[in-house]
Amino acid sequence: MTYENIIAEIVDGRVGVIRFNRPKALNALSPELMAELGDALVEFDADPNIGCILITGNERAFAAGADIKAMAQASAMDMVATDLISRWETIHSISKPIVAAVSGFCLGGGCELAMSCDIIVASESAQFGQPEINLGIIPGFGGTQRLTHAVGKSAAMEMVLTGRTLSAEEARSYGLVNHVYPVEVYFAEAVKLAAKIAAQAPIAARLAKEAVNKSFEMSLHEGLNYERRLFHMLFASEDQKEGMAAFIEKRKPNWTGK
Ligand code: DAK
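Numbering-wise (my numbering), the sequence shown opens with residue 40 and increments by one.
1. Tell me, which residues are paired with Q166 by DSSP?
2. Across which residues does DSSP place E228 in a beta bridge pair?
3. Here's a check: name, in chain order, each residue in its chain whose Cβ is nearer than 6 Å to the Cβ of R99, leaving out the five neighbours to either side.
4. In whole angstroms, what separates the C-alpha of G182 from that of T295?
5. Are the segment 83–100 and the segment 231–239 touching, with three or more C-beta to C-beta distances below 8 Å?
6. What does DSSP give as the partner residue(s) for L121 in the beta ladder?
7. With C-beta atoms as the reference, is I13 less than 8 Å away from R58?
8. For R185, does the count of other Cβ atoms within 10 angstroms reach 16, so buried, or fall short, so exposed?
9. Would you mind sorting E277 into buried or exposed? The rule is 16 or more other CB atoms within 10 Å of its CB.
10. Just curious, the beta strand (DSSP E) that T95 is in, first and last residue?
11. Which partner residues of A85 appear in the DSSP bridge assignment?
12. Label P221 either buried or exposed according to how many other C-beta atoms from any shown protein chain fall within 10 Å of its C-beta, with 16 as the threshold for buried.
13. Closer than 7 Å to a non-hydrogen atom of the ligand DAK - does that hold for the CB of I107?
14. Rounding to the nearest angstrom, what Cα-Cα distance links E71 and E261 in this structure?
Structure (structure tokens):
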């Protein structure tokens, strides 16, 4: 599929890279861009050759938020009823692991989108923030929820009440970001990490993501039971037999995704 607001390509054999491509608008997340992002995510999720998805922007901006110009005149009913925001939810239905490679501005909806990914790799110039308060609104795509889970109540409160941004290093120290690298290499490092994930047994990787995400939604007891069911289920996969045989035979496993 060809796109106007993103670039989608496969790198390193099994990594599906989606790059936001509105550099003049600091990759502001317009409805058109979000529709294309949704389509590309669904396409990569369905492609058996892709093992991990990587979402990125450019060095100056991952994304400076939802497109303010596109929503400035919207009514509450527009926000509820139109396609303006519905495609944002697609990312939460993706079963394959998603890595975000973040540099520069990662604000508002950009930060919320990065937090909707499974792992964040940042450049030293990355800035994470929820500045919606400066526009007379509050975060609307998880900025008060996922951010609070990630950085704790006090830091989240300060960020959403004042619009203060976190540097990449601060974000790493809070656990929001996995790794911070110099700008020149952050993308290559993110691809390396995504390629490592993409090389794992595909079904196990998807179920691992599902199980970790359930920990945000279930009690510990329910989560442990859920994990056990997925664990049992993997013994029905060919890849479990292959992985354990390969260990015993001292060779590399040959995953089939079955
Ligand atoms: N939207 C539209 N255009 C933007 C933009 C944005 N978020 N951010 C930057 N731009 C545009 C600027 O308008 C400018 O365009 P021109 O004037 O050249 O045409 C161009 O990008 C370059 O920006 P600046 O000239 O401002 O560049 P500076 O280096 O001076 O400043 C900045 C960079 C990132 C500090 C500044 O641009 C800025 O403050 N941007 C706005 C950041 C922000 O407030 N972000 C939060 C937006 S609200 C939801 C889903 C999502 C959301 C809500 C609900 N649902 C599914 C329910 C999300 C909401 C938001 O993200």
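Using N, Cα and C, we set each Cβ at its ideal position, and we do this for glycine too.
Reading from the atomic positions:
1. Paired residues: F144 and S206.
2. By DSSP's assignment, E228 forms no beta bridge with any residue.
3. Cβ neighbours of R99 within its own chain (closer than 6 Å, five residues either side excluded): G143.
4. One Cα belongs to G182, the other to T295, and the distance between them is close to 38 Å.
5. Inter-segment contact for the segment 83–100 and the segment 231–239 is present: three or more beta-carbon pairs are separated by less than 8 Å.
6. The amino acid occupying residue 121 in the given sequence is Thr; Leu does not appear at that position. T121 pairs with nothing; no bridge assigned.
7. Here the chain covers residues 40 to 297 and nothing more, so residue 13 does not appear.
8. buried
9. exposed
10. Per DSSP, T95 belongs to the beta strand (DSSP E) from C91 to T95.
11. Answer by DSSP bridge pairing: none, since A85 is not bridged.
12. With fewer than 16 other CB atoms across the displayed protein chains lying within 10 angstroms of its CB, P221 is exposed.
13. Yes, the ligand DAK has a heavy atom inside 7 Å of this Cβ.
14. 39 Å
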